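Novice: The following block contains the structure, expressed as structure tokens.
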């Protein structure tokens, strides 16, 4: 058993972390912080946890030492206080964007501001276990993942591992996203009558998560385009790319099977019959699976690669808990067995 | 042609009014006010009106005299400035709750505050044409309707006109509502991830619209219960009541047919076959129709009476324009011909 | 470890059962039957179970003896073959409507046909653990529950246990339901463009689940009214009733606290502040909880009692697994710990 | 006044046609046919038309001569009976895919079957007025448009008219679509619990509507990828393309402004502030507008071009009525003034 705390427990990623940690057989949650909600029950904010915990939010100032600290703060806050957090726990998993990029210059380029704790950047491992599993096993400091980046990276992973992505052609990633990506704080655009039922391409070029994809796969002309659709959870990446010449569909089948073989949360969904033929985020709500699919146009050498995830799980809290499992040498899937629902 | 202005044009009822008035053959819209958005194009707020008008919002302070003033302000503001508005226009249609109740005491009871312009209260006619058509024809001052009240009143109307509602038994009105009822201003409860997909009984006793139903039908133990469901527009009233003894289903058919015969926006939806058997708000979005239905349990003398409306049309702007038509002796349906969509 | 099989595993309740049983620490699933889908993988129908099981559907004719048989067949089929099923397993939990009513006459009255195996009716215990826990502990044959009946019974339970429901006044239960209630087979009314976004009061009097409520609480004038709303899972019962005179709100608090104290899947949701003030089905998807709430109008002695459930869990598969746990003396909550999601 | 009939009036496009034609000031609808529903009221199928028409469906065999015939039959049926229809009316607007392609060979390639009336193919004009307005003015035979093709063609139109699309680079069109695209007949995939809330990339390469885009713009490597999302109506095309070198953003502004200037149903939606910054299908339900937008990455010469439409209006019935207006020399916008709703 290890002792953990969740800093920033009132947001959506924080709530998912608490749901997972409260049921995790190796973990004791000693604190969940929220400056604004200190003194109120966690279940008053995350009503699914009613009768599951009587924990109350505490002020972050009252935090004591723990074995592992989960940071689920708004972007920009973790880097301000990382020294302080580093004194409280040897191990940190930070879900924000603050420590995802190894390069200070890249951080400055994509986030438009100087990083406040650049010496910490190279110490963090990028927390996508399907990409960095071995490094995470021996890491003390692990970052979170951008939910859209996670979907795009995993869509590309089997083909990138095989070395088949044509670096001369652009990679165009169209990501469809639900409203929980925007976080727990409302804004005019999240007002239900305005947000409900949208098909809104709100980001065409230059989304910050692009940086994570480029860091994962090296030089490549990658573009992310994001479209909000009607959903609370879920992200679907539909990624268009070109492969090196000479490949056949059966080669791709092999590459996908190889990639998922020892990655327990990847699944290949590519059926020729029935209703459930392609990856679909809606059946993944609450689950840590990433469902992959692909179609290959042999004649033109073009692939449409698909990846469906729950943005708050594989794209945030689920991967974070999976990292914790790896960091402690536990079974990677511990506490992450909820498979999603059908129908949903 | 008359000259009109919409005060409070940036809200949802104001936007619906503008959509209707800009296409109305007898109306010129000379101004739409919004203190906050003064100087911006109306279509930047109401994007459906792009390429339909180049009108810009103006400050309410710049308002000049017009023939008819539509007030679509937040509740409480019209009564503060009614003397001023009365000097600008002989005719006023106020969509807020400020002048719906004739009795100052009832206003105080339901709204918890003294009315600021009580002398104006008896001068306004309640603006539901199906209930007050003759009085509206000769009125200069007409109130709006509460959208839930409108749905419940219309559900009851055929049976109330027939004099069959048993005054000894309670009338329980269960109203299901969409998110646009809450207005254009966001709040924590309207944040999409929280509001999406709800079934939330948020008001059980004492909703203010109850007062309008009681004013319409006199002494009766009426309760409104409101449940938010997933929709932007639409309200469905499912009203439980008891009838006086001795009635048969065919009597009710006659009462409904009589009630709708000379009320062009009422329709009876009661089919024995097919998909479209009962009133359904979703096909009414943008339409001024109120669709009625009923089931009668002859043995117990109990009725379930149904009414579906678009809360922003028959429950707000549509009825207001219909009132304007009546006040000027025009065809009641002028500018209100959009029938809704199928599918929707 | 016991050996179980699910007969009728391709439907929605069957799929939920399989999800729960495949993760249950005391259960081995030896078969899931589907005549139509025999030979195909279970995960091709229930895609959330991909990489969780390689079980294939088998024909019901191939079924061998097991310790406990779950029947999830369309209504009417279990009673045709109950003798056969009785030979395969000592213990049966039947999720259909076939064995919920103890009285043959009541079955005939509500289902409009003679029961085909009336001698079995009194041998089954009604499978709502919150109502019949002690009887279930020693039972071999347990029925399922009607999902709407379960929501209404649980809404009423604390007040009925206290003996406070006024038997002279009608109980009007307004239930809002999602589309999964209609089952996995499509019909014209379930076609997405027609079903999406509805508020459709499709049943006003005489719904069959009424019989289960009346069986639970004895003579009482109970009516269920059902309204379809936009959701896949979830049912919310908003129940209007009158109490015996002289009660205060604090009495009701005590009755609710007492009722939930030893019923681990009941929760009282009644907050004065925050967003999460009332029971809400959407956070319960996949969960076995039933969230209760109430409002009391002391002056008129009237209550609005609320109960939110997932119709496929507490209203079907969840209660069935909870019954299995009780029948074997295991912890009632075994395998039922998923708490639902926030946001959802 | 001209006399028209709608053949295949029970489908969704047929219903939209009837809604538009019944309110059109120059048109008398003399018949709507449906073999299956002959004898029933049109409003029993299209409930929005209740109290708007007492027309009943008739058998197509009873059809007599009219001035203009709208064909809204399932794909493949119009070509079987086009000689017969040609005898009934001088003018035909066919909404199906049967006469959209001028080339018999292309039809065979994309539809996988020989065309049954190839001599008629070159006689039809492609019925997208924004593309073929002058030809339509003098045409007697006009085809419909594929809804996805219409969205993609209009997204590309301003840049194609300017001659700036780089023919060497692929055009990747990602189209998000609602459920009404699938038509009024249900199928297992349209069952609400399966279809609700999806993000389902169901077509990656080779969608038939691709042929219409290629016919419009000539040799170009065009791909359509289609993703179903939660909506009944609406299609959003997000089109990725490369431009010829040397262009600046201000050039694109001019090209767009020029393209929409004399096309009354095109609007450019590209705001730097406010909620309504980009094209959004949901405000277009029931409207004939196509809202366009774009973003230009000057450095890489890449554009993301956007077009939002209502698939049943600009993508079907709206364009068909607009063609009728042009064919008769009437104002292009006659009977097409509904601007859509906000909020929606």
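Chains as they are written, first to last, in this note's numbering: chain A, 1276 to 1619; chain B, 1276 to 1619; chain C, 1276 to 1619; chain D, 1276 to 1619. By construction, the Cβ of each residue, glycine as well, lies at the ideal position given by its N, Cα and C atoms. Bear in mind the structure is a predicted one, so any value in this text is a computation, not a measurement.
Grab the span of the beta strand (DSSP E) containing residue 1535 of chain C for me, first residue to last.
Specialist: Here residue 1535 of chain C belongs to no beta strand (DSSP E); instead the alpha helix (DSSP H) covers 1524-1536.
Novice: Is the CB of residue 1463 of chain D under 7 Å away from at least one CB in chain C?
Specialist: So, interface residue.
Novice: What residues from chain A crowd round residue 1613 of chain C, counting only those whose CB sits closer than 8 Å?
Specialist: Near residue 1613 of chain C (Cβ distances below 8 Å), the residues of chain A are 1561, 1613.
Novice: Does the structure place the segment 1504-1521 of chain C close enough to the segment 1575-1593 of chain C that three or more beta carbon pairs sit under 8 Å?
Specialist: The answer is yes - the segment 1504-1521 of chain C touches the segment 1575-1593 of chain C, with three or more Cβ pairs under 8 Å.
Novice: Could you please give the first and the last residue of the uninterrupted beta strand (DSSP E) stretch that includes residue 1486 of chain C?
Specialist: Looking at the DSSP string, residue 1486 of chain C is not in any beta strand (DSSP E); the run it does join, the alpha helix (DSSP H), is 1485-1492.
Novice: Does the Cβ of residue 1394 of chain C have 16 or more other Cβ atoms within 10 Å, making it buried, or fewer, making it exposed?
Specialist: When all chains shown are included, residue 1394 of chain C counts as exposed.
Novice: Hey, how far is the Cα of residue 1491 of chain C from the Cα of residue 1396 of chain C?
Specialist: Near 15 Å, if we compare the C-alpha coordinates of residue 1396 of chain C and residue 1491 of chain C.
Novice: Nearest to residue 1503 of chain D by alpha carbon, out of D/1457, D/1451, D/1493, D/1540?
Specialist: Closest by alpha carbon: D/1451.
Novice: Give me the subset of the segment 1437-1456 of chain D whose CB atoms are less than 9 Å from a CB atom of chain C, sorted by chain position.
Specialist: Listed by position along the chain: 1453, 1454, 1455.
Novice: Cβ of residue 1545 of chain C less than 7 Å from any chain B Cβ?
Specialist: Closer than 7 Å: no.
Novice: Residues of chain C with CB under 7 Å from residue 1618 of chain A, in chain order?
Specialist: Per Cβ cutoff of 7 Å: 1287, 1455, 1507.
Novice: Using the C-alpha atoms, what's the distance from residue 1469 of chain D back to residue 1457 of chain C?
Specialist: Rounded to the nearest angstrom, the two C-alpha atoms are 12 Å apart.
Novice: Going along the segment 1334-1358 of chain A in order, which residues come within less than 7 Å of chain B, judged by CB to CB distance?
Specialist: Cβ contacts with chain B: none found.
Novice: DSSP has residue 1466 of chain B in a bridge; who is on the other side?
Specialist: DSSP output for residue 1466 of chain B lists A/1466 as bridge partner(s).
Novice: Mark residue 1551 of chain C as exposed unless 16 or more other C-beta atoms lie within 10 angstroms of its C-beta, in which case mark it buried.
Specialist: Its Cβ being crowded by 16 or more others within 10 Å, residue 1551 of chain C is buried.
Novice: What are the complete beta strand (DSSP E) segments, minimum 3 residues, inside the segment 1307-1356 of chain A?
Specialist: Taking only runs of at least 3 residues, the beta strand (DSSP E) segments lying wholly in the segment 1307-1356 of chain A are 1343-1346.
Novice: Could you tell me how far apart the beta carbons of residue 1434 of chain B and residue 1578 of chain B are, in whole angstroms, since I believe they sit closer than 8 Å?
Specialist: That pair is a contact at about 7 Å.
Novice: Give me the Cα-Cα distance between residue 1357 of chain B and residue 1346 of chain B, rounded to the nearest whole angstrom.
Specialist: The straight-line gap from Cα to Cα measures roughly 10 Å.
Novice: What did DSSP end up calling residue 1518 of chain A once you bin it into helix, strand or coil?
Specialist: Three-state DSSP puts residue 1518 of chain A in a strand.
Novice: What is the C-beta distance between residue 1368 of chain D and residue 1335 of chain D, in whole angstroms, given that I count them as a contact (C-beta under 8 Å)?
Specialist: Actually they do not touch by this definition, with Cβ atoms about 16 Å apart.
Novice: Please name the residue, chosen from C/1422, C/1449, C/1557, C/1455, that lies closest to residue 1515 of chain B on a Cα-to-Cα basis.
Specialist: Residue C/1449 is the option with its Cα nearest to residue 1515 of chain B.
Novice: With a threshold of 6 Å on Cβ separation, who are the neighbours of residue 1558 of chain B within its own chain once the five nearest residues in sequence on each side are excluded?
Specialist: So the list reads 1615, 1617, 1619, once near-sequence residues are dropped.
Novice: The beta strand (DSSP E) spanning residue 1475 of chain C covers which residue range?
Specialist: Counting along the chain, the beta strand (DSSP E) containing residue 1475 of chain C begins and ends at 1474-1478.
Novice: Nearest-angstrom Cα distance between residue 1488 of chain B and residue 1575 of chain C?
Specialist: The straight-line gap from Cα to Cα measures roughly 19 Å.
Novice: Look at the alpha carbon of residue 1444 of chain A and the alpha carbon of residue 1416 of chain A, and state the distance between them as a whole number of angstroms.
Specialist: Near 35 Å, if we compare the C-alpha coordinates of residue 1416 of chain A and residue 1444 of chain A.
Novice: May I ask you to report which of helix, strand or coil DSSP gives residue 1420 of chain A?
Specialist: Three-state DSSP puts residue 1420 of chain A in coil, outside helix and strand.
Novice: Identify the residues that DSSP records as bridge partners of residue 1503 of chain B: which are they?
Specialist: B/1452, B/1475.
Novice: Please state if the CB of residue 1430 of chain C and the CB of residue 1536 of chain C are separated by a distance shorter than 7 Å.
Specialist: Cβ distance not < 7 Å, so residue 1536 of chain C and residue 1430 of chain C don't count as in contact.
Novice: Check whether the Cβ atoms of residue 1308 of chain B and residue 1333 of chain B sit closer than 7 Å, and answer yes or no.
Specialist: Against a cut-off of 7 Å, the Cβ pair of residue 1333 of chain B and residue 1308 of chain B comes out as a contact.
Novice: Between which two residues does the beta strand (DSSP E) containing residue 1508 of chain A stretch?
Specialist: From DSSP, residue 1508 of chain A is part of no beta strand (DSSP E); its letter is neither H nor E.
Novice: Quick one: is residue 1485 of chain A buried, meaning 16 or more other Cβ sit within 10 Å of its Cβ, or exposed?
Specialist: When all chains shown are included, residue 1485 of chain A counts as buried.
Novice: Whole angstroms are fine: how far does the CA of residue 1354 of chain C sit from the CA of residue 1374 of chain C?
Specialist: Cα to Cα, residue 1374 of chain C sits roughly 8 Å from residue 1354 of chain C.
Novice: Answer yes or no: does any C-beta atom of chain C fall closer than 7 Å to that of residue 1590 of chain B?
Specialist: No, residue 1590 of chain B does not count as interfacial toward chain C.
Novice: Quick check: residue 1542 of chain A and residue 1325 of chain C, are their CB atoms within less than 7 Å of each other?
Specialist: Going by C-beta atoms, residue 1542 of chain A is nearer than 7 Å to residue 1325 of chain C.
Novice: Mind pulling the beta strand (DSSP E) runs of 3 or more residues that sit fully within the segment 1386-1433 of chain C?
Specialist: Taking only runs of at least 3 residues, the beta strand (DSSP E) segments lying wholly in the segment 1386-1433 of chain C are 1416-1418.
Novice: Count the CB pairs spanning the segment 1294-1302 of chain B and the segment 1311-1324 of chain B that are closer than 8 Å, and state whether there are at least three.
Specialist: Contact between the segment 1294-1302 of chain B and the segment 1311-1324 of chain B is present, because at least three Cβ pairs lie under 8 Å.
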